[in-house]
Amino acid sequence: MTSQERLSVLAGREEIAKTVTRLASEINRDYQGKRPLLVGALKGVFVFMADLVRQLDLPGEIEFIRISSYGAGRESTGKVKVVQNMETPAEGRDILVVEDIVDTGLTVSFLLDYLSQKNPASLKLCALLDKPSRRRVQVNIDYLGFTVPDKFIVGYGLDCNEEFRCLPDICYLGD
Ligand code: IMP
């Protein structure tokens with residue numbers, strides 16, 4: 003049972019807040035004079051996205067897209083598809099994809115390929131967490147919050163079978 007597993011804090015709320023401020027200032031600097039379209043990959047990104055956009059000093063627009071990759075459980079199925087698309091056209095836009103975690107990289111590389119086929123003016127990636135030990139495809143992360151060990155991460159929007167999303171800290175399950 004997941005709820006009986008040990009939960010340890012990887013990054014507490016103060017450290018998260020500092021990191022989000024750093025990421026927002028990098029994005030503010032790089033997108034000055036532009037109107038980026040921020041595309042959040044649901045569902046895990048919702049907490050990070052909400053904190054990030056409130057620190058942006060840009061006339062940005064927000065979109066969400068939902069990609070299925072895992073289903074229930076902790077292992078990627080390796081099969082990725084768009085299950086809820088965004089409404090705003092991507093063509094000609096400066097798109098910044100916002101992800102919660104890059105693990106195998108399959109989900110975000112599918113999303114970047116999918117969006118690049120829509121002819122955006124530019125396409126970059128902001129990820130709160132990077133778990134490089136499990137990477138199966140190469141992914142370039144333009145704005146990165148934390149590099150994390152090979153643990154199952156929950157909290158701050160990330161779940162395990164829909165549990166733990168609302169924890170304010172970034173935690174991991176197990177020892
Ligand atoms: P990837 O395709 O393996 O890179 O996985 C991407 C998606 O899987 C993320 O957007 C998360 O939704 C989910 N995921 C991967 N690793 C974790 C984790 O440690 N905790 C919670 N969700 C994860």
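Counting from 3, one number per residue, gives the positions in the sequence shown under our numbering.
Yeah, the Cβ is synthetic: ideal placement off N, Cα and C, and Gly gets one too.
Since we're looking at a predicted model, the values are computed, not measured.
Does at least one heavy atom of the ligand IMP sit under 7 Å from the Cβ of serine 135? Every heavy atom of the ligand IMP is 7 Å or more from the Cβ of serine 135, so no.
State the start and end residues of the unbroken alpha helix (DSSP H) segment that holds threonine 109. That run of the alpha helix (DSSP H) goes 108-118.
I believe isoleucine 172 touches isoleucine 18 by the beta-carbon criterion, under 8 Å. Please report the beta-carbon distance rounded to the nearest angstrom. Right, their Cβ atoms sit about 6 Å apart.
So glutamine 86 and isoleucine 67 are in contact, right, with Cβ under 8 Å, and what is the actual spacing, rounded? With a Cβ gap of about 7 Å, glutamine 86 and isoleucine 67 count as contacting.
Which two residues bound the contiguous alpha helix (DSSP H) that contains threonine 149? According to the DSSP assignment, threonine 149 belongs to no alpha helix (DSSP H) but to the beta strand (DSSP E) extending over 145-149.
Kindly list the residues whose CB is nearer than 6 Å to the CB of aspartate 53, restricted to its own chain and excluding five residues on each side of it in sequence; keep chain order. Non-local C-beta neighbours of aspartate 53 in its own chain, meaning closer than 6 Å and more than five positions away in sequence, comprise Val22, ordered along the chain.
Please confirm whether any heavy atom of the ligand IMP lies closer than 7 Å to the CB of aspartate 114. In the sequence under discussion, the amino acid at residue 114 is leucine, which differs from the aspartate named in the question. No, the beta carbon of leucine 114 sits no closer than 7 Å to any heavy atom of the ligand IMP.
Compute every distance between the C-beta of leucine 160 and the non-hydrogen atoms of the ligand MN, then say whether any falls below 7 Å. The ligand MN is not part of the structure shown, which contains the ligand IMP as its ligands.
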